[in-house]
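*Asks:*
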Ligand code: NAP
Ligand code: ZN
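In the working numbering, the protein residues as written are 211 to 560.
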């Protein structure tokens with residue numbers, strides 16, 4: 211076993227605290243990675259606080275990992291010691307079902323193994339995430355980090371980036387289309403950048419009027435304050451696709467009304483409580499659709515990283531030491547993050 215240390219949740223309410231644990235010995239197909247940085251996703255907070263159901267503690271969160279390859283197993287072909295690599299939300303899947311064969315491991319019919327909170331097939335133990343110094347991952351779930359973007363700005367792409375890129379591709383967003391993004395947080399700010407880079411016109415819906423200037427800088431053409439009914443009415447029937455990244459329950463009616471005929475509202479946020487879904491009229495009268503999307507497959511994640519590198523952007527981040535995770539969580543809950551906290555793992559040793 212390989213000694214590891216990181217920050218773990220020990221129950222649903224206490225602050226995360228230092229924890230020493232063990233990683234499995236690397237097998238022939240495994241890559242051992244020294245972690246440089248790890249993003250803080252709102253899913254980390256939902257999970258460790260038990261908002262998505264009970265979990266096993268201690269739990270090290272973190273699924274936006276960038277690091278350097280420290281060692282590779284004898285059968286590893288794609289990576290060498292010293293390579294800059296990423297790991298996102300998945301570390302394993304069955305590799306045999308239709309979804310896995312289609313490169314959609316996130317929909318593995320047996321269930322993918324989460325980077326944290328899953329069960330490691332090799333050992334039967336809970337997987338532990340990236341708020342830690344090292345991790346051992348099957349090379350099939352390791353991504354190549356392209357040159358030209360800072361590691362800290364790459365890390366959020368491994369979840370926030372792919373979660374927004376995948377539906378933009380699935381709904382074939384391109385020039386001339388009008389895309390709405392609801393919520394300007396980690397996912398939302400990537401959705402704005404990516405949709406703009408694909409050529410769409412972007413409208414941001416926000417509860418925070420003070421984010422309007424930033425939203426335009428990130429690529430939004432229009433900004434709508436979603437709690438202002440008059441602004442919402444003015445946006446009616448204007449958009450082809452809306453990505454809703456909000457982490458809490460809210461009324462979907464005004465968003466559905468903002469769709470044009472045949473438009474689709476895609477739910478990305480993992481609200482622990484149900485949203486308010488209106489009666490049938492916005493669906494019937496405009497043939498509108500309500501959909502959802504989950505991260506993205508490994509092949510598409512690599513495509514997204516290469517797309518971001520080709521367009522010369524990563525995430526907008528605030529880098530913090532591990533000791534400030536709780537402050538990061540508290541500010542994320544207030545919508546006060548521009549636009550992703552990323553933990554500098556060098557601070558673990560300090
Ligand atoms: P985040 O950084 O906290 O951003 C969420 C944004 O939603 C906030 O910045 C805020 O934007 C808005 N918001 C928050 N509470 C709200 C409320 N009560 N009403 C209206 N708007 C509100 O979170 P994130 O990391 O981007 O994650 C967003 C959600 O997506 C989380 O639930 C997360 O678990 C989920 N997620 C899903 C997937 C997937 O595969 N589908 C992947 C990753 C994460 P404004 O200030 O602009 O209003
Ligand atoms: Zn995430």
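Quick reminder that beta carbons are idealized off the backbone N, C-alpha and C, glycines included.
Can you tell me whether residue 342 is buried or exposed? The criterion is at least 16 other CB atoms within 10 Å of its CB, across all chains shown.
*Replies:* Mapped onto the chain shown, residue 342 falls at position 132. Its Cβ being crowded by 16 or more others within 10 Å, residue 342 is buried.
*Asks:* What runs of the beta strand (DSSP E), each 3 residues or longer, lie entirely inside the stretch 264-339?
*Replies:* 275-282, 294-297, 300-302
*Asks:* Do residue 414 and residue 514 have their C-beta atoms within less than 8 Å of each other?
*Replies:* In the chain shown, counting from the first residue as 1, residue 414 sits at position 204. In the chain shown, counting from the first residue as 1, residue 514 sits at position 304. No, they are not a contact pair.
*Asks:* At the level of alpha carbons, what is the spacing between residue 292 and residue 449?
*Replies:* Position 82 of the chain shown, counting from 1, holds the residue named residue 292. Position 239 of the chain shown, counting from 1, holds the residue named residue 449. Taking the Cα positions, residue 292 is about 45 Å away from residue 449.
*Asks:* Which of the three DSSP states, helix, strand or coil, is assigned to residue 258?
*Replies:* As a working mapping, residue 258 is identified with position 48 in the chain shown. Looking at residue 258 - three-state DSSP - the assignment turns out to be helix.
*Asks:* Pick helix, strand or coil for residue 493, following the three-state DSSP scheme.
*Replies:* Here the question's residue 493 lines up with position 283 in the chain shown. Here residue 493 sits in helix by DSSP.
*Asks:* Along the chain, where does the beta strand (DSSP E) containing residue 217 start, and where does it finish?
*Replies:* Along the chain shown, one-based indexing puts residue 217 at 7. That run of the beta strand (DSSP E) goes 212-218.
*Asks:* What do you reckon, are the CB atoms on residue 333 and residue 299 nearer than 8 Å?
*Replies:* The residue given as residue 333 occupies position 123 in the chain shown. The residue given as residue 299 occupies position 89 in the chain shown. Not closer than 8 Å, so no.
*Asks:* Have a look at 455, 488, 237 and flag the residue whose alpha-carbon is nearest the alpha-carbon of residue 467.
*Replies:* Walking along the chain shown from the start, residue 467 turns up at place 257. Checking every option, the nearest Cα to that of residue 467 belongs to 488.
*Asks:* Alpha carbon to alpha carbon, how far is residue 315 from residue 490?
*Replies:* The residue given as residue 315 occupies position 105 in the chain shown. The residue given as residue 490 occupies position 280 in the chain shown. Rounded to the nearest angstrom, the two C-alpha atoms are 33 Å apart.
*Asks:* Answer with buried or exposed for residue 237, where buried requires no fewer than 16 other C-beta atoms within 10 angstroms of its C-beta.
*Replies:* Residue numbering aside, residue 237 sits at position 27 when the chain shown is read from its first letter. The residue is exposed, with fewer than 16 neighbouring Cβ atoms inside 10 Å.
*Asks:* Quick test of your reading: residue 227 and residue 214, contact by CB under 8 Å. State the CB separation rounded to the nearest angstrom.
*Replies:* Mapped onto the chain shown, residue 227 falls at position 17. Mapped onto the chain shown, residue 214 falls at position 4. At roughly 15 Å, the Cβ-Cβ gap does not stay under 8 Å, so residue 227 and residue 214 are not in contact.
*Asks:* Could you name the residues of the same chain whose beta carbon sits closer than 8 Å to that of residue 286, not counting the 5 residues immediately before and after it, in chain order?
*Replies:* One-based indexing of the chain shown puts residue 286 at position 76. 238, 239, 240, 241, 349.
*Asks:* When the Cα atoms are used, what is the spatial distance from residue 460 to residue 411?
*Replies:* Residue 460 sits at position 250 when you count from the first residue of the chain shown. Residue 411 sits at position 201 when you count from the first residue of the chain shown. In a straight line, the C-alpha of residue 460 is about 25 Å away from that of residue 411.
*Asks:* Considering just the uninterrupted stretch of the beta strand (DSSP E) at residue 567, what are its terminal residues?
*Replies:* Outside the shown range of the chain (211 to 560) lies residue 567, about which nothing can therefore be said.
*Asks:* Counting by C-beta, which residues lie closer than 5 Å to a heavy atom of ligand 2, in chain order?
*Replies:* 251, 253, 369
*Asks:* Taking Cβ to Cβ, would you say residue 233 is nearer than 8 Å to residue 329?
*Replies:* Indexing the chain shown from 1 puts residue 233 at position 23. Indexing the chain shown from 1 puts residue 329 at position 119. Against a cut-off of 8 Å, the Cβ pair of residue 329 and residue 233 comes out as no contact.
*Asks:* Go through the stretch 348-427 residue by residue and report every complete run of the beta strand (DSSP E) that reaches 3 residues or more, in order.
*Replies:* 388-392, 411-416
*Asks:* Can you tell me whether residue 485 sits near ligand 1, meaning its C-beta is under 7 Å from at least one heavy atom of the ligand?
*Replies:* Sequence index remark: in the chain shown, residue 485 carries index 275 (1-based). No, since every heavy atom of ligand 1 falls outside the 7 Å radius drawn around the Cβ of residue 485.
*Asks:* Would residue 267 and residue 221 be called neighbours here (beta carbons separated by less than 8 Å)?
*Replies:* Residue numbering aside, residue 267 sits at position 57 when the chain shown is read from its first letter. Residue numbering aside, residue 221 sits at position 11 when the chain shown is read from its first letter. It is a contact, given that the beta carbons lie within the stated cut-off.
*Asks:* Kindly indicate the opening and closing residues of the alpha helix (DSSP H) around residue 535.
*Replies:* Counted from its first residue, the chain shown places residue 535 at position 325. Taken as a continuous stretch (DSSP letters only), the alpha helix (DSSP H) holding residue 535 covers 535-543.
*Asks:* For residue 457, which option in 253, 322, 475, 435 has the closest C-alpha, if you only look at C-alpha atoms?
*Replies:* Taking the first residue of the chain shown as 1, we reach residue 457 at position 247. When only C-alpha atoms are compared, the closest one is 253.
*Asks:* Does the Cβ of residue 501 lie closer than 7 Å to at least one heavy atom of ligand 1?
*Replies:* Stepping through the chain shown from its first residue, residue 501 is reached at position 291. Checking the Cβ of residue 501 against ligand 1 gives no.
*Asks:* Since residue 443 is in the alpha helix (DSSP H), which residue starts that stretch and which ends it?
*Replies:* Residue mapping note: residue 443 aligns to position 233 of the chain shown, counting from 1. Looking at the DSSP string, the run of the alpha helix (DSSP H) that includes residue 443 is 439-444.
*Asks:* In this structure, how does DSSP classify residue 559 when only helix, strand and coil are distinguished?
*Replies:* Residue 559 sits at position 349 when you count from the first residue of the chain shown. The answer is helix: DSSP assigns residue 559 an H, G or I state.
*Asks:* If residue 308 sits next to residue 319, beta carbons under 8 Å apart, how far is it from one beta carbon to the other, in whole angstroms?
*Replies:* Along the chain shown, one-based indexing puts residue 308 at 98. Along the chain shown, one-based indexing puts residue 319 at 109. Going by Cβ atoms, the distance from residue 308 to residue 319 rounds to 7 Å, so yes, they are a contact pair.
*Asks:* On the premise that residue 554 lies in contact with residue 529, defined as a C-beta separation below 8 Å, what is that separation, rounded to the nearest angstrom?
*Replies:* Mapped onto the chain shown, residue 529 falls at position 319. Mapped onto the chain shown, residue 554 falls at position 344. About 5 Å separates the beta carbons of residue 529 and residue 554, which is inside the 8 Å limit, making them a contact pair.
*Asks:* For residue 465, which three-state DSSP category applies?
*Replies:* Position 255 of the chain shown, counting from 1, holds the residue named residue 465. If DSSP states are grouped into helix, strand and coil, residue 465 belongs with the helices.
*Asks:* Comparing the CB of residue 479 with every heavy atom of ligand 4, is any distance shorter than 7 Å?
*Replies:* You won't find ligand 4 in this model; what it holds is ligand 1 and ligand 2.
*Asks:* Can residue 273 and residue 371 be called in contact, C-beta distance under 8 Å?
*Replies:* For this step, residue 273 is matched to residue 63 along the chain shown. For this step, residue 371 is matched to residue 161 along the chain shown. Not a contact, by the Cβ cut-off of 8 Å.
*Asks:* From the DSSP secondary-structure annotation, give me the bridge partner or partners of residue 232.
*Replies:* Locating residue 232 in the chain shown gives position 22, counting from the first residue. Answer is 213.
*Asks:* In the structure shown, what three-state DSSP assignment does residue 342 receive?
*Replies:* The sequence position of residue 342 within the chain shown is 132, counting from 1. Of the three classes helix, strand and coil, the one that applies to residue 342 here is strand, per DSSP.
*Asks:* Using three-state DSSP, classify residue 433 as helix, strand or coil.
*Replies:* Translated into positions along the chain shown, residue 433 becomes position 223. Here residue 433 sits in strand by DSSP.
*Asks:* Heavy atom of ligand 1 less than 7 Å from the Cβ of residue 530, yes or no?
*Replies:* The count along the chain shown starts at 1 and reaches residue 530 at position 320. No - ligand 1 has no heavy atom lying nearer than 7 Å to the Cβ of residue 530.
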